[in-house]
Amino acid sequence: MLRHSDWIVCTAGNWLALAVVVSSAVTSFGQEPPLPANTAIALTSPANGAYVGVLHKVHGQLAQRGQPIVLVRVQQPGAPWWVQEPALPTAPGRFMSASQFGNGETPDGVQFEVLALLALNPAQAAPFKVGRALATLPPELPRSAVIVVTRGAAPAADGAAVVNFAIPEAVQDAAPLPGPLGLQALPLGQVIDAPPMPGNGLAANPPPGQAVGIGMDQEDVGQEATEGTVDEQIVLSPAPLAEVGEVFEIQGQAPLATQPVVLLRPNVEHGVWRIQGKPHVEPDGTFRVRMRCGNERTPSGTQFRFVVLLPVTNQQVRPLSIGKTLKALPINMPHSREIIVKRGQ
Numbered sequence: 026m027l028r029h030s031d032w033i034v035c036t037a038g039n040w041l042a043l044a045v046v047v048s049s050a051v052t053s054f055g056q057e058p059p060l061p062a063n064t065a066i067a068l069t070s071p072a073n074g075a076y077v078g079v080l081h082k083v084h085g086q087l088a089q090r091g092q093p094i095v096l097v098r099v100q101q102p103g104a105p106w107w108v109q110e111p112a113l114p115t116a117p118g119r120f121m122s123a124s125q126f127g128n129g130e131t132p133d134g135v136q137f138e139v140l141a142l143l144a145l146n147p148a149q150a151a152p153f154k155v156g157r158a159l160a161t162l163p164p165e166l167p168r169s170a171v172i173v174v175t176r177g178a179a180p181a182a183d184g185a186a187v188v189n190f191a192i193p194e195a196v197q198d199a200a201p202l203p204g205p206l207g208l209q210a211l212p213l214g215q216v217i218d219a220p221p222m223p224g225n226g227l228a229a230n231p232p233p234g235q236a237v238g239i240g241m242d243q244e245d246v247g248q249e250a251t252e253g254t255v256d257e258q259i260v261l262s263p264a265p266l267a268e269v270g271e272v273f274e275i276q277g278q279a280p281l282a283t284q285p286v287v288l289l290r291p292n293v294e295h296g297v298w299r300i301q302g303k304p305h306v307e308p309d310g311t312f313r314v315r316m317r318c319g320n321e322r323t324p325s326g327t328q329f330r331f332v333v334l335l336p337v338t339n340q341q342v343r344p345l346s347i348g349k350t351l352k353a354l355p356i357n358m359p360h361s362r363e364i365i366v367k368r369g370q
């Protein structure tokens, strides 16, 4: 079994700095041969055939020294592979990458392929910049077996059919969309070397506030799933419909490689979201943040609604400055369920 010290160090003693040591030149690996999986690296989770949300942790293990690189693509002939977040060591010889499968507009049933490569030295790791698209893969790197996962929740026993993801005629001649939901294949050997895009390589978000309005029909349960809600439980406390004081604390568990941003608004139609203070985030993704719920004159029983956005890149975080107000949540940005709380005595 490997020790933590066996992991490759890329720059300044920190192998996690993969994303900043890559070349900006366009790279071509040539025609991809039908190579078998290599026993040097394997994916252990999710299982082949599993269902995933827009964000999902991909786990794997190594049988030799190296730097794992997780790739995702939509299951479509010729679709490009998209480089995911740098893998984090979770135990000697084991790793995890916070990976993204489509975005908030990806329909249930869309299937994705996942594999991991093993870079044996920094030079081999250098081309794999987070959010980069690869039409082909380097034949010299060990690779895991490909697993296939499906967006959405597992179907009921009688089973809804999994849809086949077809290319709409309207976009067949358009430029490739960035991200694992890209609809157009790239020429063999071509690598996209565009600037990193928000959403881990997904299409750029429109300006905050230009989004679908938030429904108000689930106040009885105190929480609501809207488009873009991730499957994992993000908010640990307070519980839905809990009574809170003028100042209260939110505690949660964010997927690794995300930067949680908390928004609060009155639970009224057309209420405006306000970005709260910066959460304190621990290395394991747990976070906490204190918020003010109205003021000393706010009547007991007044309801407020809060949500945790889960941006991945600095480009997504930059517009979300503390104190800024939004009429609606940003499109294509994963987020927690919306939680309703009540002012107490």
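In case it helps, this note's numbering puts the sequence shown at residues 26 to 370. Backbone N, C-alpha and C define an ideal beta-carbon position, used for all residues, glycine too.
Of the candidates Pro-132, Ser-124 and Leu-289, the residue whose Cα lies closest to the Cα of Val-139 is Ser-124. Residue pairing by DSSP places Ile-300 opposite Leu-288 in a beta bridge.
Shown here for Phe-153: same chain residues with a beta carbon closer than 6 Å to its own, the five before and five after excluded, namely Ile-94 and Val-108 in chain order. In this structure, DSSP gives Val-342 a helical state, which the three-state scheme calls helix. Here the alpha carbons of Leu-143 and Gln-328 stand approximately 50 Å from one another. In the displayed model, Pro-93 falls within a strand according to three-state DSSP.
Shortest Cα-Cα distance from Ala-151 to any of Gly-127, Pro-71, Gln-276 and Gly-91 involves Gly-91.
A direct Cα-to-Cα measurement between Arg-299 and His-81 gives close to 27 Å. Bridge pairing for Ile-172: Val-139 [DSSP]. Between the region 117 to 136 and the region 172 to 181 there are three or more C-beta pairs closer than 8 Å, enough to call the two in contact.
Per DSSP, Ala-116 is one residue of the beta strand (DSSP E) stretching across 113 to 116.
Bounds of the beta strand (DSSP E) holding Ala-67 are 66 to 70.
For Ala-123, no alpha helix (DSSP H) encloses it; the enclosing beta strand (DSSP E) starts and ends at 119 to 125. Sequence-distant partners of Leu-261 (beyond 5 residues in either direction) whose C-beta falls short of 7 Å from its own C-beta, in its chain, are Gln-276, Gly-277 and Gln-278.
Put simply, of Pro-355, Pro-263, Pro-308 and Ala-72 the residue whose alpha carbon is nearest the alpha carbon of Pro-114 is Pro-308.
Taking a 10 Å sphere around the C-beta of Val-272, we find fewer than 16 other C-beta atoms and assign the residue as exposed. Between the alpha carbons of Arg-322 and Glu-268 lies a gap of roughly 16 Å. Selection Pro-102, Arg-119 and Val-99 evaluated against Ala-65 yields Arg-119 as nearest (Cα-Cα).
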